[in-house]
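Scroll down for the structure; my scribbles are underneath it.
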């Protein structure tokens, strides 16, 4: 095969759309495709149920069923800006979800998005610091109870530089098919608002994140619900370009911070970090928002549901006999019911939750005690987390 033929085959197919209307409004992607019920055998149905449990939303369920039926191994991905210490949603919840996917026929790609962090002005725009944080993040995931057999960690700058012509051709094609208003609707993916004064780099950010999905050959976008708009942009792009298959969006819920609002690493009191000491965890959870009988915006109950019950399959509350005695919960619904009826006091809930979270974090703490991980952690702790 000639060099010219090789170049032609590796280039993404870019249709000439100079006469086409630039996309300004989101396309109703679901309306473009007929609803087809995909029947699965018993084992494939089991895999589907496990994978589906990862997301509070799936677009589309039947596409996920078809993927499991047709592909022996599929690719799921998530991307993370190296912007500071890793909190439990990025660490424990991610490990739980990755294990579900890889145990059900998937390969998981972690995109350590160093250039994206640079564009979003994380670490003050210091790329060296950003890449140090990226190395630290990988060490966290390696020690967080994740089965690494079908997991790959890649750095965005590495994959872009390896095939820069292919990558930027794709990015530019996405950019020219969408107007500025459509791209600004994706601002949430960067932790920004449409009304914010965005830099030119931040305007380009969604086009690049959209391109990553295709560049990594991802079958499933397994990110948080806050990334939905850019994932939908990728599905719209598939309609515009006539691609046969669209990436499936499997969005996990966003865990609340300890204050009951959004979890933020810029507020150390609102998040539990993966290497927090036992005392740190106990103190933070003791102060957490947890109104007796109220299940709305209750971070303690959310952590029991999405972390403890998912990872351990049970939740043990230890109490004195005069306070109701010990109780082992095997269903989250029972925890919530007791909390609503006031049979489970917030303090007892918090003590039990602290014990469970500390058990999950201990392997991570041990990993960062010595060697290169300890050096990385010291460096990252010296950096100031930026929004």
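Numbering (our numbering), first residue to last: 1277 to 1663. C-beta atoms are modelled at their ideal positions from N, C-alpha and C, and glycine is treated no differently.
To the nearest angstrom, how far is the alpha carbon of residue i from that of residue j?
i	j	result
residue 1653	residue 1541	15 Å
residue 1493	residue 1623	47 Å
residue 1512	residue 1449	13 Å
residue 1707	residue 1457	Within the shown structure, residues of the chain are numbered from 1277 to 1663, placing residue 1707 beyond reach of any answer.
residue 1297	residue 1610	Its pLDDT being 47, under 50, residue 1297 is placed unreliably in this model, and the value from its coordinates should be taken loosely. Those two C-alpha atoms are separated by around 54 Å.
residue 1324	residue 1478	36 Å
residue 1434	residue 1387	10 Å
residue 1348	residue 1316	14 Å
residue 1614	residue 1596	17 Å
residue 1501	residue 1530	7 Å
residue 1358	residue 1608	33 Å
residue 1569	residue 1617	6 Å
residue 1491	residue 1351	12 Å
residue 1442	residue 1573	44 Å
residue 1385	residue 1366	14 Å
residue 1518	residue 1452	16 Å
residue 1335	residue 1436	27 Å
residue 1381	residue 1426	9 Å
residue 1474	residue 1600	55 Å
residue 1418	residue 1646	15 Å
residue 1413	residue 1360	9 Å
residue 1566	residue 1455	44 Å
residue 1378	residue 1587	15 Å
residue 1576	residue 1659	29 Å
residue 1459	residue 1598	59 Å
residue 1428	residue 1581	28 Å
In terms of residues, what are the limits of the alpha helix (DSSP H) holding residue i?
i	result
residue 1407	1403 to 1418
residue 1647	1647 to 1658
residue 1501	Here residue 1501 belongs to no alpha helix (DSSP H), and DSSP marks it neither H nor E.
residue 1480	1476 to 1491
residue 1392	1390 to 1395
residue 1447	1440 to 1452
residue 1606	Here residue 1606 belongs to no alpha helix (DSSP H), and DSSP marks it neither H nor E.
residue 1374	1370 to 1378
residue 1460	1456 to 1460
In chain order, what residues of the same chain have a beta carbon less than 7 Å from the beta carbon of residue i, not counting five sequence neighbours either side?
i	result
residue 1394	1401, 1403, 1406
residue 1554	1634
residue 1481	1392, 1395, 1396, 1466
residue 1649	1415, 1643
residue 1447	1483, 1484, 1487
residue 1320	1344, 1345
residue 1628	1591, 1592, 1593, 1594
residue 1603	1593
residue 1505	1461, 1462, 1464, 1465
residue 1551	1640, 1641, 1644, 1653
residue 1341	1314, 1316, 1324
residue 1284	Below a pLDDT of 50, predicted positions are generally treated as unreliable, and residue 1284, at 44, falls in that range; the measurement from the model is reported next regardless. Same-chain partners within the cutoff: there are none.
If you drop the 5 nearest sequence neighbours on each side, which residues of the same chain put their C-beta closer than 6 Å to that of residue i?
i	result
residue 1636	1368
residue 1678	Residue 1678 lies beyond the range of the chain shown here (1277 to 1663); nothing can be said about it.
residue 1520	none
residue 1620	1614
So residue i and residue j are in contact, right, with Cβ under 8 Å, and what is the actual spacing, rounded?
i	j	result
residue 1420	residue 1487	That pair is no contact at about 28 Å.
residue 1327	residue 1376	6 Å
residue 1626	residue 1564	7 Å
residue 1584	residue 1632	5 Å
residue 1331	residue 1528	6 Å
residue 1612	residue 1571	6 Å
residue 1389	residue 1432	5 Å
residue 1671	residue 1656	Since the first residue of the chain shown is 1277 and the last is 1663, residue 1671 is not available in this structure.
residue 1560	residue 1534	6 Å
Using a Cβ-based criterion (distance less than 7 Å to any ligand heavy atom), does residue i qualify as near the ligand FMN?
i	result
residue 1326	Among the components modelled here there is no ligand, and therefore nothing to report on the ligand FMN.
Assuming residue i is part of the beta strand (DSSP E), what are its boundary residues?
i	result
residue 1352	1350 to 1356
residue 1596	Neither: residue 1596 is in no beta strand (DSSP E) and is coded neither H nor E.
residue 1320	Here residue 1320 belongs to no beta strand (DSSP E); instead the alpha helix (DSSP H) covers 1318 to 1328.
residue 1333	1333 to 1335
residue 1638	No beta strand (DSSP E) contains residue 1638, which is instead part of the alpha helix (DSSP H) from 1622 to 1643.
residue 1427	1427 to 1431
Under 8 Å, Cβ to Cβ, is there at least one residue of chain C near residue i?
i	result
residue 1314	The chain labelled as chain C is not found in the depicted structure, where only one protein chain is given.
For residue i, which residues from the same chain have a beta carbon less than 8 Å from its beta carbon, with the 5 sequence-adjacent residues on both sides left out?
i	result
residue 1373	1330, 1498, 1528
residue 1337	1328
residue 1489	1353, 1497, 1507, 1510, 1523
residue 1557	1548, 1630, 1633, 1634, 1637
residue 1423	1374, 1375, 1378, 1379
residue 1472	1463
Within the segment 1557 to 1603, ranges of the beta strand (DSSP E) (whole runs, at least 3 residues): Segments of the beta strand (DSSP E) lying fully in the segment 1557 to 1603: 1591 to 1593.
Ignoring anything shorter than 3 residues, give me the beta strand (DSSP E) runs that lie fully in the segment 1520 to 1563, in order along the chain. Qualifying beta strand (DSSP E) stretches, in chain order: 1524 to 1527.
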